[in-house]
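**Q** Below you'll find the structure I mean.
Residue numbers (mature numbering (1 follows the signal peptide of the UniProt record, and there is no 0)): -23 to -1, 1 to 1077.
Below you can see the structure in the form of structure tokens.
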């Protein structure tokens, strides 16, 4: 058999010496005959070899391949001498040819040394020293084998070496292709293809061998053995059917039929069917579906190692690794003598490792870092070559706030397994917490494969870096530049919902609201039912003043997809909507209904605070205090509740308690917002600590500047300005000129008033000292032909009166007043000018408060009537027989003022007053006045305002005492008076200027009743006392007014004013100039309109 194999395979080795076999019809005779020689050698048909060599000797006797074939034939026939003679001829004719070297190798094996070398190589191969065996073969033959049998030996050996099977199979396939027909060669190829799990190629070789009667039994045995080694399945039955079509007789057929019957019987058993299904599903990775079938199969064959191993694998994949351990251990016992025991041991070891990792992860998730560390250390002992145990220990270090230790462990995991992307991600996340740049640098230093794996992370880092830069720009107010950074970030993370949100907000900040809306709509179309997108869109809409659209966007998402953030936003928006409706009801006067509506909301601090604010606003401070404390009980540190409690205590005049609460406020109550800080400052001012209030205002101004032109900032600047000016001492000087033409000596009126007011801080307002020097004149009487006064003045109208004195009516005096002004109170006491013919004590007190949205003021006063010399200063009767002094009229009474102005375009005001009017030797009188008006702000800006309005007045005096005879008052006092006027005004200020321009047109109507010339009885002086006649009058008039003020320095301002009135029989005019000195200096906004001094006589 050995000799036959050598003769079959050896010709194949000579193939490289011949040309490629041409197609039929083109084969050279020598090549064709040499091919016949090789086929004959491979198939042991040496008659074919002899016949072919006989012909070749005739046509190519010197061909090296012919001589080599003759040597092989001689060796086959045992004629060694002939073989040596032919070798000598071959060496002479072709010493360097492959055929010569092959022949020389054959002859060397005839020697004792050659046989021993070959025997040593074979022993090394048999004992498992494969590399040494191959080296021995290579040393002896150097790739040129003397026979096909030895070539087959060599390549079988090579196939057993790691990674060399492919090379060996290629060499054997080349041998078989060059010299087809060798049974041993084909069987070797078939076995090798089977080991490579290539059944189709193996089957092709076995079918070829089976076609040769000499190899039929060998092929059948290997084929059937291969089928039997497989699990019994419908596929194995199909292979048996193919086998039986090839082997149709004798023992191969009988053996095949027996195996077919066995497998068909087994497949019919339900337990085995479960076995097949369970194994199949496990192979497919469908572990959950496989487990029931595997359990059913194990009931029938509990010691089946394949079933036990598959069950362990399925349970391991289903994360039931503890149970999987038991099945792997049972598989190892059941397969103790099997070929798969190594696989079960490997799976058990791997499962134990991953079980320890999973147990560590579970312990870490519950915060048990000690137990987690134990599990990860166990995993590390089980497999030190895997990085996940180190990653777990790194996670423990992070949980223990040991970032440096975590970094070392993650880097250790990368050293153990450089391709571990989890370790890379952990390090990238760790560095990202330090800075995006460090994380980016780390990822860029990884291998190309790792960078690809972390590509999304790297893009996210670049995106975050750009987004952070956009945030900084947006915070600085650079919306356009921020939007560009967000766009770049969005290019790297196109699905990032919050990048879209930030971009839209930046676009709105940059003045592109429509572009911003389109951005959010585009995101909504791309992610229509993604909860985070819906939440971001609703948040964007609510933040841009569109709560109804925000709610509609939320309700478009099915409720099943709502998360907690969406539910919270929906609650807030619905609450806002209810509160907005309640606020609207309250604004319309329906506060009771508004409170009922708020009651439909769930109990919350927000609702309670709003009710408390309303109570405080309507003056129910006790109720407000109760509700503020209700919130504080629930949330002791609630800032708005704490501030509200303080404001309620101030309103209740519990200043000591308010001061205590202020002192205990945490610092963040001041810095939380401009508005909260402003409220704290106002509270300190209310409890009598203006210095603390001023310091707070100053500290809050930088925060207000960063916040921009918000309402809170405006309020802060306003309050700070008011406090600063309230704390400033000022001195104002003013010269005032008034003129009203009339009858000389009687009703003509000219007044020069020089005013000085010094004001200084006192309590929560200012105290002031007022001095007015007044020079008032009624002109001179016209003398009659007899040189006397004949006007109806004093008693000069009497027929027997001699009025030849006091032709010039003139008075001079200085009034003194002391007073106090604050937001809540104003009061003063003083005199009419000392030096006047009649001097009176005067003064008044006014209390300002709010009721709901109305401003209220209550006034009690005693004021002079300064419309004429007689009514203001009093005078002496020029009649020599009289000499009485009369006049000096004062009005004593009260007034109620009402106003409504919420800072919007519309405003109304009203004043209702009643006074008793008295004077020296003047008849008593009474006066009632109702005045009201409406105004509309055409322009309503901080530094500019234009208004138009409609005013009305109704007056009533009990008596007409407008004449100048003794007992009369010399002041306008119709029994009924009504007027309507339309005023317009324009006010504006700049850094150093402020002015007020106004005009009005009016219609009025008055009626007076007849009165006696002398309303008082002075005996014979007033015996001639005729009645006047009733009178009615009506007409139109107008007024023009202008006041301007200029800041000269921080300490000085200068102003001037003029107004002119024109009506029937009434044409007063007025001019003034004033200068004001600020001791502290003031460079803030000037008053708008300018506020010159009012004469002390004109105080309300």
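A virtual CB, placed ideally from N, CA and C, is assigned to each residue, including glycine.
(1) Using the three-state DSSP reduction, which class does residue 737 fall into: helix, strand or coil?
(2) Rounded to the nearest angstrom, what separates residue 1010 and residue 623 at their Cα positions?
(3) Quick check on this structure: which residue in 907, 879 and 868 has the alpha carbon closest to the alpha carbon of residue 887?
(4) Would you mind stating whether residue 809 and residue 823 have Cβ atoms separated by less than 9 Å?
(5) Per DSSP, what kind of secondary structure is residue 793 in: helix, strand or coil?
(6) Whose CA, out of 309, 369 and 312, lies closest to the CA of residue 334?
(7) Look at the alpha carbon of residue 702 and the alpha carbon of residue 1046, and state the distance between them as a whole number of angstroms.
(8) According to the Cβ coordinates, are residue 533 and residue 550 closer than 9 Å?
(9) Considering only C-alpha positions, which residue in the set 220, 430 and 1019 is nearest to residue 395?
(10) Once you ignore the five residues that flank residue -2 on each side, which residues in its own chain have a CB closer than 8 Å to its CB?
(11) Between residue 121 and the rest of its own chain, which residues show a CB-CB distance below 6 Å, the 5 nearest in sequence each way excluded?
(12) Excluding sequence positions up to five away, which residues of its chain have a Cβ less than 6 Å from the Cβ of residue 1079?
(13) For residue 1071, which three-state DSSP category applies?
(14) How would you call residue 1, buried or exposed, if buried means at least 16 neighbouring beta carbons within 10 angstroms?
(15) Within the continuous beta strand (DSSP E) that includes residue 326, where are the two ends?
(16) Using CA coordinates, which residue listed in 1013, 509, 65 and 356 is at the minimum distance from residue 540?
(17) I'd like the span of the alpha helix (DSSP H) that includes residue 41, first residue to last.
(18) Relative to the C-alpha of residue 174, which residue among 983, 142, 321 and 188 is closest?
(19) Express the C-alpha separation of residue 941 and residue 760 in angstroms, rounding to a whole number.
(20) Rounded to the nearest angstrom, how far is the Cβ of residue 284 from that of residue 252, given a contact under 8 Å?
(21) How close, in whole Å, do the beta carbons of residue 439 and residue 469 come, if the pair is a contact with beta carbons under 8 Å?
(22) Is it right to say residue 452 is buried, meaning 16 or more other beta carbons lie within 10 angstroms of its own, or is it exposed?
(23) How long is the line joining the alpha carbons of residue 171 and residue 154, rounded to whole angstroms?
(24) Taking the beta strand (DSSP E) that residue 539 belongs to, which residues open and close that run?
(25) Round the Cβ separation of residue 977 and residue 1066 to the nearest angstrom and send it over; I've been treating them as touching at under 8 Å.
(26) Would you report the Cα separation of residue 229 and residue 190, rounded to the nearest angstrom?
(27) Residue range of the alpha helix (DSSP H) that residue 511 falls in?
(28) Could you please give the first and the last residue of the uninterrupted alpha helix (DSSP H) stretch that includes residue 532?
(29) Cα separation between residue 728 and residue 1075?
(30) Assess, as a yes-or-no matter, whether the region 114 to 134 is touched by the region 156 to 171 under the definition of 3 or more beta carbon pairs within less than 8 Å.
(31) Is residue 814 helix, strand or coil when you go by DSSP?
(32) Are the region 332 to 348 and the region 361 to 378 touching, with three or more C-beta to C-beta distances below 8 Å?
(33) What residue from 1013, 521, 992 and 485 has the CA that sits closest to residue 1003's CA?
(34) When the Cβ atoms of the region 744 to 753 are set against those of the region 796 to 806, are three or more pairs found closer than 8 Å?
**A** Here's the rundown:
(1) strand
(2) 57 Å
(3) 907
(4) no
(5) strand
(6) 369
(7) As the crow flies, the alpha-carbon of residue 702 is around 32 Å from that of residue 1046.
(8) no
(9) Selected option, being the one with the closest Cα: 430.
(10) The predicted position of residue -2 is uncertain, since its pLDDT is 42 and thus under 50; no value can be drawn from it.
(11) 78, 79 and 82
(12) Outside the shown range of the chain (-23 to 1077) lies residue 1079, about which nothing can therefore be said.
(13) Judged by DSSP in its simplified three-state form, residue 1071 adopts coil rather than helix or strand.
(14) Note that residue 1 has pLDDT 41, beneath the 50 cutoff, so the model's placement of it is unreliable and the number below is only indicative. Exposed, because fewer than 16 other Cβ atoms sit within 10 Å of the Cβ of residue 1.
(15) Careful: residue 326 lies outside any beta strand (DSSP E), inside the alpha helix (DSSP H) at 318 to 342.
(16) 509
(17) 41 to 53
(18) 142
(19) Residue 760 and residue 941 have their alpha carbons spaced roughly 17 Å apart.
(20) Going by Cβ atoms, the distance from residue 284 to residue 252 rounds to 6 Å, so yes, they are a contact pair.
(21) Indeed, because the Cβ distance is near 5 Å, the residues count as touching under 8 Å.
(22) exposed
(23) 19 Å
(24) From DSSP, residue 539 is part of no beta strand (DSSP E); its letter is neither H nor E.
(25) Not quite, the Cβ-Cβ distance comes to about 15 Å (not below 8 Å), so this is no contact.
(26) Going by the C-alpha atoms only, they are around 12 Å apart.
(27) 508 to 520
(28) 524 to 532
(29) 13 Å
(30) yes
(31) coil
(32) yes
(33) 992
(34) Output reads yes: the region 796 to 806 touches the region 744 to 753.
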